[in-house]
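Q: First residue of the sequence shown? That's 1 in the numbering used here, and the numbers climb one at a time after it.
The beta carbon of each residue, even a glycine, is placed where N, CA and C say it ideally should be.
Note that the coordinates shown come from a computational prediction; the quantities given were computed from them, not determined experimentally.
Sharing a structure, written as structure tokens. Questions coming.
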Amino acid sequence: MNNKKRLEERRYITGFDGIRTIAVVGVILYHLFPNIMRGGYLGVPIFFAVSGYLITDLLRQEWLKTETIDIKGFYIRRMKRLYPGLLAMLIAASAYIVVFQRDMLNNLRSVFASSVLYYNNWWQIFKGFSYFDRFTTQSPFTHIWSLAVEAQNYLIWPLLFILLKRYVKHSGKIFGIIMAAAVGSGILMAVLYTPGADPTRVYYGTDTRLFSILLGSGLAFVWPSFRLKEEIPLKAKSLLNGVGIVSLVVLLFGFLFLADHLAFVYYGGMFIVSIFATLLVAVTAHPGADLNRWLTNPVFTWIGKRSYGIYLYQFPIMIFYEAKIKNLSDHILLHSLVEIALILGISELSYRFIEKPMGKFYYQYTWFAIKDFFKKPWLTIPKVTAVIGTFLTCFALFALATAPSNEVTADQQQLQKSIEENKKLAEQRKAEEKARNEGEVSESTEQSNPVPEANYDLTSEEVKKAQSMEITAFGDSVILDAAAGLQEIFPKMLVDGEVGRQLYTSAPAIQQLEKDKVLKDNVLVGLGTNGSFTEAQFDEFMTAIGSKRKVYWVNVRVPTRRWQNEVNTMLENMKKKYDNLVVIDWYNYSNEHEEWFYDDRVHPNVEGQVKYSSFIAKQLVK
């Protein structure tokens, strides 16, 4: 069969729906169960690899037919595929926000513009947002970054494709150039990544994520779908099946174990995952292998065809739903099932009534379609859809018109001010203690300890004991929020706090405190607000502290996050394992007192800071 005939009989590779299903399920479970599906975010490079292969394969087929590329037609097809679902999600989410979740209106116009114009990934980078801050960054549009990366590729790649075909011509040489660019992108990710720092820049950057798409694009030059034969030797078939199975196993293993904070991910791990994703695409595309058949079933086909909408709606639905739950951790499985049902249901409506009809719509006949629309009876699906769409659009426009930019509420200002001032004071005290340890400051310069001014409900004996107690407090923003009160009660307390701090990054910081001789015999720990942890990570942290020190660990109250009960259960279990560990039960003491907290329901407000400091003090001086 010649190339022309093969092009005319181009097949739909049903197994790609299976790959898309695996990818989108990984992403959703990563958000719902981050401690089980630790590497579910790797579904994104799988999407990228599939996209790179399909787009380039289609461009190659068009080039073989016409020896040119219809750039305008390409862009129109991409817009018809991407824009209807994206605009529907943005409009529906904006309408919901202005009616039910007005606290999320802030910067909505910028979010909308950056999403529609596909520069959202860079907008988030320049605004300093973090994909990995599970507590503070809870925008329903965070996930749009990946669509921006793909769209930027769609904008540039057809033009580069034409240049490569006209001036390089040979597919092997083009493949080499693309692979060199992919390797360069992977190296750039490794170079720009800083261990221990937030990796959002390299995670979001087009330049540092393009390798997944490029690997798929390169594959299309050496493995074009229209040249793959169904009849192949048995050994070749077995080899292909083996490669496909191994690739699938590696990807599933990555989903389960390759956590996003591991340095390996950015030092080549994601590049390796992208290679295996590309191999899976290659084997699935080959009609002589069995993987396409194995990945084809009604469930995978249904999810795969709707995977774009599922990806679009999953994050907004999770954020909106979880914001309305009083205590998310109490029924994690039930809430997760409800969220999955909502995601699938709304995605089906979007696919059936928006994405599919608009994808088939011929915009050059818009005027005729409008006239035909008004001739139809009112109770028809197009008119009902139009009425609902118009209704939501009006609310969305109102949301965009009234949305503030970079607004900070009074509570947020108070919290930020408290944290900033307390952190500055904490750093100053640590520096003074370090200088004292190094003999740069004499002991005689120490001042007498004043009696606490606030009413902390402490006896004179408790105050006296607290004033002589040496403690190092180590934790996240909750510790920083209450640091002033704690240090008023414990004047010798040293505080080391960081906003967004997680346990898995904390052992080196403890070791540095030990090196600076500012890690006291009593250590107060406040970690778990920003995410849970494994027993191995806990063991590493406790080993860094040492068994001779007494550790007082404040459990967490994070009712809006799914890891709250998991963290507190882990602490109770670890209390049995470590004789030097005391768990301070802040959760049960404070859980019924919403009036003690800022709007985030986690950080103690002015009244709550007194309650927090007083409660912890009584546990420390027992």
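#1: Return the first residue and the last residue of the alpha helix (DSSP H) that residue 207 is part of.
#2: Beta carbon of residue 87, beta carbon of residue 97: below 8 angstroms?
#3: Determine the DSSP secondary structure at residue 556, reduced to helix, strand or coil.
#4: Give the C-beta separation of residue 526 and residue 476 to the nearest angstrom, bearing in mind that I take them to be a contact with Cβ-Cβ under 8 angstroms.
#5: Report buried or exposed for residue 606, applying the criterion of at least 16 other Cβ atoms within 10 angstroms of its Cβ.
#6: Beta-carbon separation of residue 339 and residue 29 under 8 angstroms?
#7: Under a three-way DSSP split, which group does residue 521 fall into?
#8: Checking contacts by CB at 8 angstroms: is residue 19 closer than that to chain B?
#9: Would you check if the distance between the CB atom of residue 602 and the CB atom of residue 478 is smaller than 8 angstroms?
#10: Spatial neighbours of residue 84 within its chain, please: C-beta separation below 6 angstroms, excluding the five flanking residues on both sides.
#11: Beta carbon of residue 615, beta carbon of residue 598: below 8 angstroms?
#12: So the beta strand (DSSP E) residue 29 belongs to, where does it begin and stop?
#13: Tell whether a beta-carbon distance below 8 angstroms holds between residue 131 and residue 200.
#14: Since residue 522 contacts residue 550 with CB under 8 angstroms, what's their CB separation in whole angstroms?
#15: Excluding sequence positions up to five away, which residues of its chain have a Cβ less than 8 angstroms from the Cβ of residue 444?
#16: Starting from residue 259 and walking both ways along the alpha helix (DSSP H), at which residues does that stretch end?
#17: Quick check: what's the CA-CA separation for residue 36 versus residue 352?
#18: Is residue 104 near residue 313, with beta carbons less than 8 angstroms apart?
#19: Quick one: grab the DSSP three-state call for residue 600.
#20: Report the three-state DSSP secondary structure of residue 484 (helix, strand or coil).
#21: So, does the region 227 to 236 touch the region 54 to 63, judging by three or more C-beta pairs under 8 angstroms?
#22: Would you mind stating whether residue 213 and residue 52 have Cβ atoms separated by less than 8 angstroms?
#23: Which same chain residues end up closer than 7 angstroms to residue 50 when comparing Cβ atoms and leaving out the 5 residues on each side of it in sequence?
#24: Apart from the five residues on each side of it in sequence, which residues of its chain come closer than 7 angstroms, Cβ to Cβ, to residue 207?
#25: Please give me, in chain order, every unbroken run of the alpha helix (DSSP H) with length at least 4 that falls completely inside the region 101 to 160.
#26: What is the DSSP secondary structure of residue 567, counted as helix, strand or coil?
#27: Given a cut-off of 8 angstroms on the beta-carbon distance, is the pair residue 584 and residue 553 in contact?
#28: Here's a check: name, in chain order, each residue in its chain whose Cβ is nearer than 8 angstroms to the Cβ of residue 405, leaving out the five neighbours to either side.
#29: Where does residue 624 sit, in a helix, a strand or coil, going by DSSP?
#30: With residue 565 and residue 586 assumed to form a contact (beta carbons below 8 angstroms), what rounded beta-carbon distance in angstroms separates them?
#31: Compare the beta carbon distance of residue 95 and residue 395 with 8 angstroms and say whether it is the shorter of the two.
#32: Please name the residue in 345, 326 and 321 whose C-alpha comes closest to that of residue 307.
#33: Shortest alpha-carbon distance to residue 171 belongs to which of 221, 500 and 299?
#34: Could you give the C-beta distance for residue 496 and residue 401, rounded to a whole number, given that I count them as a contact under 8 angstroms?
#35: Since I believe residue 289 is in contact with residue 254 (beta carbons under 8 angstroms), could you give me their beta-carbon distance rounded to a whole number of angstroms?
#36: Given residue 241, which residues of its chain have a CB within under 6 angstroms of its CB, disregarding the five upstream and five downstream residues?
A: Quick answer:
#1: For the purposes of this step, residue 207 is identified with residue 207 of the sequence shown, where counting begins at 1. Counted as a single uninterrupted DSSP element, the alpha helix (DSSP H) harbouring residue 207 occupies residues 206 to 222.
#2: In the sequence shown, the residue the question calls residue 87 occupies position 87. In the sequence shown, the residue the question calls residue 97 occupies position 97. Not a contact, by the Cβ cut-off of 8 angstroms.
#3: Numbered from its first residue, the sequence shown carries residue 556 at position 556. In this structure, residue 556 counts as coil in the three-state DSSP scheme.
#4: The sequence position of residue 526 within the sequence shown is 526, counting from 1. The sequence position of residue 476 within the sequence shown is 476, counting from 1. Confirmed, about 6 angstroms.
#5: Locating residue 606 in the sequence shown gives position 606, where the first residue counts as 1. That one is exposed.
#6: Translated into positions along the sequence shown, residue 339 becomes position 339. Translated into positions along the sequence shown, residue 29 becomes position 29. Residue 339 is not a Cβ neighbour of residue 29, given a cutoff of 8 angstroms.
#7: Sequence index remark: in the sequence shown, residue 521 carries index 521 (1-based). Coil.
#8: Checking the listed chains, one finds no chain B in this structure; it contains a single protein chain.
#9: Start at 1 with the first residue of the sequence shown, and residue 602 comes out as number 602. Start at 1 with the first residue of the sequence shown, and residue 478 comes out as number 478. Cβ distance < 8 angstroms, so residue 602 and residue 478 count as in contact.
#10: Start at 1 with the first residue of the sequence shown, and residue 84 comes out as number 84. When the five nearest sequence neighbours on each side are left out, the beta carbons in the same chain lying within less than 6 angstroms of the beta carbon of residue 84 are those of 354, 355 and 358, in order along the chain.
#11: Taking the first residue of the sequence shown as position 1, residue 615 is located at position 615. Taking the first residue of the sequence shown as position 1, residue 598 is located at position 598. At a Cβ-Cβ threshold of 8 angstroms, residue 615 and residue 598 do not count as neighbours.
#12: Translated into the one-based positions of the sequence shown, residue 29 becomes position 29. Careful: residue 29 lies outside any beta strand (DSSP E), inside the alpha helix (DSSP H) at 15 to 32.
#13: Along the sequence shown, read from residue 1 onward, the residue named residue 131 stands at position 131. Along the sequence shown, read from residue 1 onward, the residue named residue 200 stands at position 200. The beta carbons of residue 131 and residue 200 sit closer together than 8 angstroms.
#14: Position 522 of the sequence shown, counted from the start, is the residue given in the question as residue 522. Position 550 of the sequence shown, counted from the start, is the residue given in the question as residue 550. Contact annotation, residue 522 with residue 550: C-beta distance approximately 5 angstroms; criterion of less than 8 angstroms satisfied.
#15: Sequence index remark: in the sequence shown, residue 444 carries index 444 (1-based). Caution is warranted here: a pLDDT of 47 is assigned to residue 444, below 50, making its placement in the model unreliable, and the coordinate value is therefore given only provisionally. So no residue of the chain qualifies.
#16: The count along the sequence shown starts at 1 and reaches residue 259 at position 259. That residue, residue 259, is in no alpha helix (DSSP H); it is neither H nor E in DSSP.
#17: Position 36 of the sequence shown, counted from the start, is the residue given in the question as residue 36. Position 352 of the sequence shown, counted from the start, is the residue given in the question as residue 352. Between residue 36 and residue 352, the C-alpha separation is close to 32 angstroms.
#18: Looking up residue 104 in the sequence shown gives position 104. Looking up residue 313 in the sequence shown gives position 313. With contacts defined as CB atoms closer than 8 angstroms, residue 104 and residue 313 fail to qualify as a contacting pair.
#19: Working through the sequence shown from its first residue, we reach residue 600 at position 600. DSSP places residue 600 in coil when its eight states are reduced to three.
#20: On the sequence shown, position 484 is the one that residue 484 refers to. In the structure shown, residue 484 sits in a helix (DSSP, three-state: H, G or I).
#21: At 8 angstroms Cβ cutoff, the stretches do not touch.
#22: Taking the sequence shown and counting its residues from 1, one reaches residue 213 at position 213. Taking the sequence shown and counting its residues from 1, one reaches residue 52 at position 52. Judged by beta-carbon spacing, residue 52 lies within the 8 angstroms limit of residue 213, meaning their Cβ atoms are closer than that value.
#23: Against the sequence shown, residue 50 aligns to sequence position 50. Spatial neighbours of residue 50 in its own chain (CB-CB distance under 7 angstroms, excluding positions within 5 residues in sequence) are listed in chain order as 16, 19, 20, 216 and 281.
#24: As a first step, residue 207 is located in the sequence shown; it is residue number 207 there, counting from the start. Excluding residues up to 5 positions away in sequence, 185 and 188 lie with their Cβ nearer than 7 angstroms to the Cβ of residue 207 in the same chain.
#25: List check, alpha helix (DSSP H) in window: 108 to 116 and 120 to 127.
#26: What you label residue 567 is simply residue 567 of the sequence shown in a count that begins at 1. DSSP places residue 567 in helix when its eight states are reduced to three.
#27: The residue you call residue 584 lines up with position 584 of the sequence shown. The residue you call residue 553 lines up with position 553 of the sequence shown. For residue 584 and residue 553, yes; Cβs fall inside 8 angstroms.
#28: As a first step, residue 405 must be located in the sequence shown, where it is residue number 405. 106, 107, 109 and 110, listed in sequence order.
#29: The structure shown does not extend to residue 624, since the chain spans only 1 to 622, so no value can be given for it.
#30: Residue numbering aside, residue 565 sits at position 565 when the sequence shown is read from its first letter. Residue numbering aside, residue 586 sits at position 586 when the sequence shown is read from its first letter. With 8 angstroms as the limit, residue 565 and residue 586 do not qualify as a contact, their Cβ atoms being about 14 angstroms apart.
#31: For this step, residue 95 is matched to residue 95 along the sequence shown. For this step, residue 395 is matched to residue 395 along the sequence shown. Less than 8 angstroms separates the beta-carbon of residue 95 from that of residue 395.
#32: To locate residue 307, count along the sequence shown from 1; it is residue 307. In terms of CA proximity to residue 307, 345 leads the group 345, 326 and 321.
#33: Position 171 of the sequence shown, counted from the start, is the residue given in the question as residue 171. Nearest option by C-alpha distance: 221.
#34: The residue you call residue 496 lines up with position 496 of the sequence shown. The residue you call residue 401 lines up with position 401 of the sequence shown. That belief does not hold up - the Cβ atoms of residue 496 and residue 401 are roughly 45 angstroms apart, past 8 angstroms.
#35: In the sequence shown, the residue the question calls residue 254 occupies position 254. In the sequence shown, the residue the question calls residue 289 occupies position 289. Residue 254 to residue 289, Cβ: 22 angstroms. No contact.
#36: Looking up residue 241 in the sequence shown gives position 241. For residue 241, the CB contacts under 6 angstroms within the same chain, skipping 5 residues up- and downstream, are 289 and 290 in chain order.
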